[in-house]
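Number of protein chains: 2
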Amino acid sequence: MKSHTLLMPLDMHLHLRDGVMLETVAPLSSYSFSGAVIMPNLVPPVTSKEELVAYKERILNATGNRVNHEDELDFEMMDMDYFEPMMTLFYQHYPREFLEDVRDEIFAIKLYPAGITTNSEGGVSSFDLDMMRPTLEAMAALEIPLLIHGETEGFVMDREAEFMPIYGMLAKHFPNLKIVMEHITTKSAVEMLDKYPNLYATITLHHLLITLDDVAGGMLRPHLFCKPIAKRPEDREALLSAALDAHPKVMFGSDSAPHPKDKKEACGCAAGVFTAPIALQVLCELFDRHGKLENLQAFVSDNAQNIYGLCPEFKEVTLVERPFTVPSHYGTVVPMFAGETIGWSIEEVM
Amino acid sequence: MKSHTLLMPLDMHLHLRDGVMLETVAPLSSYSFSGAVIMPNLVPPVTSKEELVAYKERILNATGNRVNHEDELDFEMMDMDYFEPMMTLFYQHYPREFLEDVRDEIFAIKLYPAGITTNSEGGVSSFDLDMMRPTLEAMAALEIPLLIHGETEGFVMDREAEFMPIYGMLAKHFPNLKIVMEHITTKSAVEMLDKYPNLYATITLHHLLITLDDVAGGMLRPHLFCKPIAKRPEDREALLSAALDAHPKVMFGSDSAPHPKDKKEACGCAAGVFTAPIALQVLCELFDRHGKLENLQAFVSDNAQNIYGLCPEFKEVTLVERPFTVPSHYGTVVPMFAGETIGWSIEEVM
């Protein structure tokens, strides 16, 4: 049976929510990933050191890790199960003193244009360089990466492509700021990677697999509805090439985004695809089908380690080419491929 | 109060379904329209004279008209309420003798590419001229118009534009055949009208109003999900210009397509927007807002009369600029603008 081992898989873009939903979904990521970049778009969004530290604590509790209190350290558990939540703040025009104070607690700052996706109402309403300069200069000086949800308010199929000049402007004016184009969905975004040395990108699993055809080409499929929306076949091809060829500026970020089933199947369905529990298995199947399994390690971990200078806790995930039937739901959440059989399974995590 | 009178409004593309659904929706069209072209995609589709005649009878019963039996003629009712179901057959490669036999019962033949929309599995799987020639030549000789759902199996946003060469080929090879591009959604289709004298088009209400943004740009809105899917802003602009300027080759066809609420809001929602009961009111509002109310008569009746040589029964519908709150549902069907207030109401039908 074909098998493949991944070392320290990282999910560089993850939504864990809070409360009961956090309890449901956090263990599904911590089981197979060494760590994940945690999005701050809670209600209200994470904008203070206290909120961030408290949220990290809740995440660690939900994953069964309580290693932030030294007296509770359990080394055996750490070896097996430790999961590092890499915390982000919700972008605002923060003063430098605040950023200095919070620096050691945060991994990055996530910027949302106002209202562009779930719980982003408090985001940035105009990309005014003079307004943003003090914060972005302080972030560059303190080496705090800027993660961006890059969409304009334009026509849904053009929103990401229209945002490219903003990425270009920011990358050019803040050459020492590390800027990550999150969950890119277009050929235009892939092409940006080679234009600016300080621009990087994450790509989700679902955008490697689907186009708008899968969402609205047959029946309407709410569980594949996400933001940014899946684009055209040529866009998916560009994303797939970048991932399969292990483009060194591209990292896996699932953007796994749980919503309760009733919110997804209601009239006016919420945006998000839930992939955390099946991401590594489906990535193995995808890379193997294209004869590129040897490049998956770069996509799911090494590139992120190089880009961000990370040293994740040791975790080794062995996957095998054995069919796995995806559960119809995890708690109230319906995963991608619910009830379908995928080709690879997780054999062992150590 | 502003008012506007329409004479003999015609809906040149309508789905009435069958059974209980037919009973629910037929009176909503017959109330305000003089007649409608009835689509044949029942299960099974309408492919014989007997089925077609029986279906017409069921429609007339559902609208309260039984004028096909002379002894039941009620002239007062005819004046007020008569509604002409213009019947279509589901395209197959019919022999000439069959078409001659059925000629007097049918208005047109509707062609679906196989599997392209609701109940179209038995449609045409390849546009082979040699296969189609005998039927299309007979249709041209017998002056039976060909109505086409023009989409390929390509990427959902390209399906209609990709179909244009097929329209061109058919229009060129069968210059005496009247061909109608049904429910067009793109600028490419509008441009085809000026290239071939025997090509015409219907346009729905919803494609004059919405783009893909309305379906999937914010939350996912299943009640606006239809086939062909709503396209880009520049496509809607082209459709709107053709309608507002009363392009003589363009006719109103609502493509009003009822589905029960549970089929629309389920995971895997069915395609179709239900507009029949509010179409004339919203068209008045739209044309008035653009200062083109004087062109609405051409769009909703005169063009179709000229193109097809129709003489509809007299019906006069007076609309006024008075707010109307659209019901949340008609039977099990949720209409467009459900629960919202539109600007115009029907004042009187006579």
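Chains U and A, in that order, are what the protein sequence lines are.
Residue numbering for the first sequence follows this note's numbering, starting at 1 and increasing by one per position.
Residue numbering for the second sequence follows this note's numbering, starting at 1 and increasing by one per position.
Think of the CB as a built atom: it goes at the ideal place given N, C-alpha and C, for glycine as much as any other residue.
Treat the numbers as computed from the prediction; the structure is a model and nothing was measured.
Residue j beta carbon less than 8 Å from that of residue i
i	j	result
L7 (chain A)	N119 (chain A)	no
G168 (chain A)	Y200 (chain A)	no
A230 (chain A)	F225 (chain U)	no
I342 (chain U)	V282 (chain U)	yes
T135 (chain A)	F107 (chain A)	no
N306 (chain A)	L244 (chain A)	no
F83 (chain A)	S126 (chain A)	no
T211 (chain U)	R232 (chain U)	yes
T185 (chain A)	P222 (chain A)	no
V53 (chain U)	P258 (chain U)	no
L319 (chain U)	L280 (chain U)	yes
P27 (chain A)	T5 (chain A)	no
D235 (chain A)	K187 (chain A)	yes
Y31 (chain U)	V349 (chain U)	yes
M21 (chain U)	K110 (chain U)	no
E321 (chain A)	K2 (chain A)	yes
M192 (chain A)	M164 (chain A)	yes
P9 (chain A)	K56 (chain A)	no
Three-state class that DSSP yields for residue i in the structure shown
i	result
E160 (chain U)	helix
V300 (chain U)	helix
M131 (chain U)	helix
E347 (chain A)	strand
E182 (chain U)	coil
L73 (chain A)	Bear in mind that the predicted position of L73 (chain A) carries a pLDDT of just 46, short of 50, making it too unreliable to give a figure here.
L16 (chain U)	coil
L220 (chain U)	strand
C284 (chain A)	helix
A26 (chain A)	helix
V102 (chain A)	helix
R66 (chain U)	Because R66 (chain U) carries a pLDDT of 46, less than 50, the predicted location of this residue cannot be relied on, and no value is offered for it.
M78 (chain A)	Confidence in M78 (chain A) is poor, its pLDDT being 46 and thus under 50, which makes the residue's placement unreliable; the coordinate value appears in the next sentence. M78 (chain A) falls in the helix class under three-state DSSP.
K195 (chain U)	coil
K172 (chain U)	helix
Q305 (chain U)	helix
K187 (chain U)	helix
A246 (chain A)	coil
P277 (chain A)	helix
L60 (chain U)	helix
Residue i versus the options, residue with shortest Cα-Cα distance
i	options	result
L146 (chain U)	U:T152, U:D130, U:Y112, U:T211	U:Y112
E162 (chain A)	A:A171, A:T152, A:L170	A:T152
P312 (chain A)	A:M1, A:S3, A:D11	A:D11
E143 (chain A)	A:L99, A:L52, A:H223	A:L99
L209 (chain A)	A:D194, A:A238, A:V300	A:A238
F174 (chain U)	U:A257, U:M157, U:N198, U:E50	U:N198
I116 (chain U)	A:V37, A:G339, A:V300, A:D213	A:D213
G123 (chain U)	U:V46, U:E321, U:M157, U:M164	U:V46
P260 (chain U)	U:P165, U:E160, U:S328	U:S328
A101 (chain U)	U:K110, U:T202, U:M139	The sequence as given places Asp at residue 101 (chain U); Ala does not occur at that position. Nearest option by C-alpha distance: U:M139.
D104 (chain U)	U:M131, U:K49, U:D255, U:L60	U:K49
L129 (chain A)	A:M157, A:Y94, A:L170	A:L170
A189 (chain A)	A:A242, A:F299, A:A270	A:A242
A338 (chain U)	U:D194, U:S29, U:I278, U:P85	U:I278
P95 (chain U)	U:D255, U:A141, U:A36	U:A141
C267 (chain U)	A:G218, A:F155, A:E137, A:I59	A:G218
R133 (chain U)	U:V317, U:H93, U:N61	U:H93
F324 (chain U)	U:V156, U:C284, U:E23, U:H206	U:C284
Under 7 Å from the C-beta of residue i: neighbouring residues of chain D
i	result
L209 (chain A)	Given the protein chain composition of this structure (U and A), no chain D is represented.
Which residues DSSP lists as bridging residue i, in chain order
i	result
D11 (chain U)	U:A36
T202 (chain A)	A:M251
M87 (chain U)	U:I38
H4 (chain U)	U:L319
F324 (chain U)	U:I342
V333 (chain U)	U:Y330
S256 (chain A)	A:L14
V124 (chain A)	A:P113
I148 (chain A)	A:L111, A:M181
C269 (chain A)	U:L220
Does the region 12-20 of chain U come close enough to the region 234-249 of chain U to have 3 or more Cβ pairs within less than 8 Å? Fewer than three Cβ pairs drawn from the region 12-20 of chain U and the region 234-249 of chain U lie within less than 8 Å of each other, which leaves the two stretches out of contact.
Could you check whether the region 325-336 of chain A touches the region 272-284 of chain A, counting it as contact only if at least three pairs of C-beta atoms, one from each stretch, sit closer than 8 Å? Short answer: they touch.
If we count Cβ pairs, one from each stretch, closer than 8 Å, do we get three or more for the region 171-179 of chain A versus the region 134-151 of chain A? Verdict: yes, contact present.
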